[in-house]
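Engineer: Quick note on numbering: the sequence shown equals residues 1 to 355 in the UniProt record's numbering.
Ideal Cβ placement from N, Cα and C applies to all residues, glycine included.
This is the structure I have questions about; it appears just below.
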Amino acid sequence: MVGCGYWGSKHVRALRSLDAVGTVCMIDPSQERVDSLRRSFPGLESYAHLGQALDAIDAVVIATPPSTHKPLALEAIAAGKHVMVEKPLATSAADAREMIDAAKAQGVVLMVGHTFEYHSAVWSLREMVRSGALGDLYYLDTARLNLGLYQHDVNVLLDLAPHDISILNYVLGAQPVSVECWASRHAHRRLEDIAYLRLYYEDPKVVANVHVSWLDPCKVRRVTMVGSQKMVVFDDLAAEERIRVHNKGVAQPETEGDLTQAPMSYRYGDVVSPYLVFNEPLSIEDEHFTDCILTGMRPLTDGENGLAVVEVLEAAQRSVQQRRAVDLSEVRGGLDVPELAIPRQANRSASREVL
Ligand SMILES: NC(=O)c1ccc[n+]([C@@H]2O[C@H](COP(=O)([O-])OP(=O)(O)OC[C@H]3O[C@@H](n4cnc5c(N)ncnc54)[C@H](O)[C@@H]3O)[C@@H](O)[C@H]2O)c1
Numbered sequence: 001m002v003g004c005g006y007w008g009s010k011h012v013r014a015l016r017s018l019d020a021v022g023t024v025c026m027i028d029p030s031q032e033r034v035d036s037l038r039r040s041f042p043g044l045e046s047y048a049h050l051g052q053a054l055d056a057i058d059a060v061v062i063a064t065p066p067s068t069h070k071p072l073a074l075e076a077i078a079a080g081k082h083v084m085v086e087k088p089l090a091t092s093a094a095d096a097r098e099m100i101d102a103a104k105a106q107g108v109v110l111m112v113g114h115t116f117e118y119h120s121a122v123w124s125l126r127e128m129v130r131s132g133a134l135g136d137l138y139y140l141d142t143a144r145l146n147l148g149l150y151q152h153d154v155n156v157l158l159d160l161a162p163h164d165i166s167i168l169n170y171v172l173g174a175q176p177v178s179v180e181c182w183a184s185r186h187a188h189r190r191l192e193d194i195a196y197l198r199l200y201y202e203d204p205k206v207v208a209n210v211h212v213s214w215l216d217p218c219k220v221r222r223v224t225m226v227g228s229q230k231m232v233v234f235d236d237l238a239a240e241e242r243i244r245v246h247n248k249g250v251a252q253p254e255t256e257g258d259l260t261q262a263p264m265s266y267r268y269g270d271v272v273s274p275y276l277v278f279n280e281p282l283s284i285e286d287e288h289f290t291d292c293i294l295t296g297m298r299p300l301t302d303g304e305n306g307l308a309v310v311e312v313l314e315a316a317q318r319s320v321q322q323r324r325a326v327d328l329s330e331v332r333g334g335l336d337v338p339e340l341a342i343p344r345q346a347n348r349s350a351s352r353e354v355l
C-alpha cells in the first residue's frame, strides 16, 4: 500500500480481508501515519519509499497525492508490478497515456480507483438508463459539496469531479464530446475551491451538470437523473433508500397558448426505492484488482477508463482558463478499447428489481 493516509488506510483494511492477498505492507515516508496504522493492524511491515519495497511485493495500490501518481506508478510498472492508482489516474492526459503505454509494454495490470463504478446504486442507475425506465432522459445533475478537505496539489475539480465524471460516463456508457467549466478560488490563494461543469454527451444526447465544492456549509453527495416518465435521486448520504425513483412528471398540455388554462400539467405518483445488495464498493474494487491480476482479465476501471476521466478534467481546466467550451477532441488521443471485464459481485445482480 503506497500512501497510508486517509484513503490508503481503508485500502489496507480491505486488502487484508482478501484471500488472494498474502500480506500487505505499508509504504509511506510519514512515520507518524505508519505508526498510527500499525496500532490498528499490528505486525505489518513498512517501508519509507517504494524503491525499498519492490523486491518484497507483487502489486501496489497507490493512494498518494495526485501529483505523485505518475512517477510512483511508472516506478512500480518498470519493476514489473501490477498497479492500482487512486483517482485521478494522473493530473494530465499525456501522463495517463504514458502510464497506459508503460503497463502494456510490461504486461502488467493498470487499474484506477473509480470506486463508484463498484457501487450497487450506480449499477442500478446504469440499468435504469439502459432499460429506458425513465423515459426520454432530460438531464443529469450531480452535487458533491462539503466544507471539504483541501488538498496540497490539486484543486477541487481534480479532487472531487473524478467521482462524478466516472459515474456519468459509466451510467451513460459514453464520454462527453465537450465540456464547459467555471471555477473560482476563495479560501485558497492558488487552488480553485468551487467548480461547476457542464458535460455534453452525444449518444445518448443529454447534458449533465456537475457541482463540486470544498466550500459549502452542507455536505451533499447526490446524483439526480430526470426523465420524461420518471426521476431518480441517488443520495449517498442517506442511511437507507439511497435510490428513490419518483414516478412524477410535467408536460405541456394541448391547450398551450390558452392563457385561461394552466401552462403545464403535472403527474404525481409513487416513490419507489429499489432494493440494493450493498457490499462495500472499495472491497469489491480491491477484489476485482486481485482477480484481474490472477486471471489476466481487463479491469472494469482500467487505464483507458482512467484516461477518459482525466481527458474530461483536462478539457474542464482548459475551459476555466480560456473561458470557452472545450471539445474533447482537443485533448483526446487515439487508443484501442477492447472488451471490459465485469467485477465478480456485479454478476450477482446490482439490484434485485430496478423499478
Ligand atoms: N476513491 C475514493 O473514494 C477516494 C477517497 C479519498 C481519496 N482518494 C484518493 O486517494 C489519494 C490519497 O488521498 P488521501 O485523502 O488519503 O490523502 P492523505 O494526505 O490522507 O494521504 C496521502 C498519504 O500519501 C503519503 N505519501 C506522499 N508521498 C508519498 C510517496 N512518494 N510515497 C509513499 N507515500 C507518500 C503521505 O505521507 C500520506 O500518508 C488521492 O489520490 C485521493 O484522490 C480516493
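Taking proline 217 as the reference, give the member of Leu145, Arg97, Glu45 with the closest Cα.
Structural biologist: It is Leu145.
Engineer: Does DSSP put glutamate 304 in a helix, a strand or coil?
Structural biologist: Here glutamate 304 sits in helix by DSSP.
Engineer: Helix, strand or coil for proline 217, going by three-state DSSP, please let me know.
Structural biologist: Residue state, collapsed to three classes: strand.
Engineer: Suppose only complete runs of 3+ residues qualify. What are the beta strand (DSSP E) ranges in the UniProt domain "GFO/IDH/MocA-like oxidoreductase" (124-232), listed by chain order?
Structural biologist: Complete beta strand (DSSP E) runs here, min 3: 137-147, 178-184, 194-202, 205-213, 215-227.
Engineer: Going by the CB atoms, is the gap between glycine 227 and leucine 134 shorter than 7 Å?
Structural biologist: In this structure, glycine 227 lies closer than 7 Å to leucine 134 by Cβ.
Engineer: From the DSSP output, in three-state form, read off serine 40 for me.
Structural biologist: In the structure shown, serine 40 sits in a helix (DSSP, three-state: H, G or I).
Engineer: Hey, could you find the ends of the beta strand (DSSP E) valine 244 is sitting in?
Structural biologist: For clarity, residue 244 is arginine in the given sequence; the question names valine instead. Note, arginine 244: beta strand (DSSP E), 243-246.
Engineer: Considering Cα atoms alone, identify which of Lys248, Asn155, Ser120 is closest to isoleucine 167.
Structural biologist: Comparing Cα-Cα distances from isoleucine 167 to each of Lys248, Asn155, Ser120, the minimum goes to Ser120.
Engineer: Return the CA-CA distance between asparagine 247 and serine 46, expressed in angstroms with no decimal places.
Structural biologist: Answer to the nearest angstrom: the Cα atoms are 53 Å apart.
Engineer: In this structure, how does DSSP classify methionine 264 when only helix, strand and coil are distinguished?
Structural biologist: Note: methionine 264 maps to coil in three-state DSSP.
Engineer: From the DSSP output, read off the bridge partner residues of serine 46.
Structural biologist: According to DSSP, which records beta bridges pairwise, serine 46 is partnered with Met26.
Engineer: Please say whether arginine 244 and valine 271 have beta carbons closer to each other than 7 Å?
Structural biologist: Yes, they are a contact pair.
Engineer: Would glycine 303 be called buried (16 or more neighbouring beta carbons within 10 Å of its own) or exposed?
Structural biologist: Looking at its Cβ environment, which holds 16 or more other Cβ atoms inside 10 Å, glycine 303 is buried.
Engineer: With a threshold of 6 Å, establish whether the CB of aspartate 28 neighbours any heavy atom of ligand 1.
Structural biologist: For ligand 1, at least one heavy atom lies less than 6 Å from the Cβ of aspartate 28.
Engineer: Spatial neighbours of valine 250 within its chain, please: CB distance less than 6 Å, with the 5 preceding and 5 following residues excluded, ordered by chain position.
Structural biologist: Taken in chain order, the residues that qualify are Met264, Tyr266.
Engineer: Could you have a look at glutamate 280 and say whether DSSP puts it in helix, strand or coil?
Structural biologist: It is coil, neither helix nor strand.
Engineer: On the DSSP letters alone, give me the boundaries of the alpha helix (DSSP H) that isoleucine 100 sits inside.
Structural biologist: 93-106 is the span of the alpha helix (DSSP H), which, as asked, contains isoleucine 100.
Engineer: I need the DSSP call for aspartate 19, collapsed to helix, strand or coil.
Structural biologist: Aspartate 19: coil per DSSP, three-state reduction.
Engineer: Any contact of the region 180-199 with the region 114-133, i.e. 3+ C-beta pairs under 8 Å?
Structural biologist: No contact exists between the region 180-199 and the region 114-133.
Engineer: So, at 7 Å on beta carbons, what are the nonlocal neighbours of leucine 18 in its own chain, with the 5 sequence-adjacent residues on each side left out?
Structural biologist: Answer for leucine 18: Asp286, Glu287, Thr290, listed in chain order.
Engineer: Please list the terminal residues of the continuous beta strand (DSSP E) segment that includes histidine 82.
Structural biologist: Run containing histidine 82: 82-86, per the beta strand (DSSP E) assignment.
Engineer: What would DSSP say about aspartate 58, mapped onto helix, strand or coil?
Structural biologist: Looking at aspartate 58 - three-state DSSP - the assignment turns out to be coil, as it is neither helix nor strand.
Engineer: Just checking my contact of alanine 195 with valine 212 at CB under 8 Å: how many whole Å lie between their CB atoms?
Structural biologist: Confirmed, Cβ separation roughly 5 Å.
Engineer: In the DSSP assignment, find the unbroken alpha helix (DSSP H) run with leucine 259 in it and report its ends.
Structural biologist: No alpha helix (DSSP H) holds leucine 259; DSSP gives it neither H nor E.
Engineer: So for aspartate 35, helix, strand or coil by DSSP?
Structural biologist: Three-state DSSP puts aspartate 35 in a helix.
Engineer: Name the DSSP beta bridge partners of leucine 110, please?
Structural biologist: Answer is Val83.
Engineer: Given this structure, state the Cα-to-Cα distance separating residue 371 from tyrosine 275, to the nearest angstrom.
Structural biologist: Only positions 1 to 355 of the chain appear in the structure, and residue 371 is not among them; the question remains open.
Engineer: Going by C-alpha distance, which of Val2, Leu282, Met99, Arg13 is nearest threonine 64?
Structural biologist: It is Val2.
Engineer: What's the gap between the Cα of residue 393 and the Cα of valine 179?
Structural biologist: With the chain represented from 1 up to 355, any question about residue 393 goes unanswered, as that position is not in the structure.
Engineer: Name the one or two DSSP bridge partners that alanine 73 has.
Structural biologist: Partner(s): none; alanine 73 has no beta bridge.
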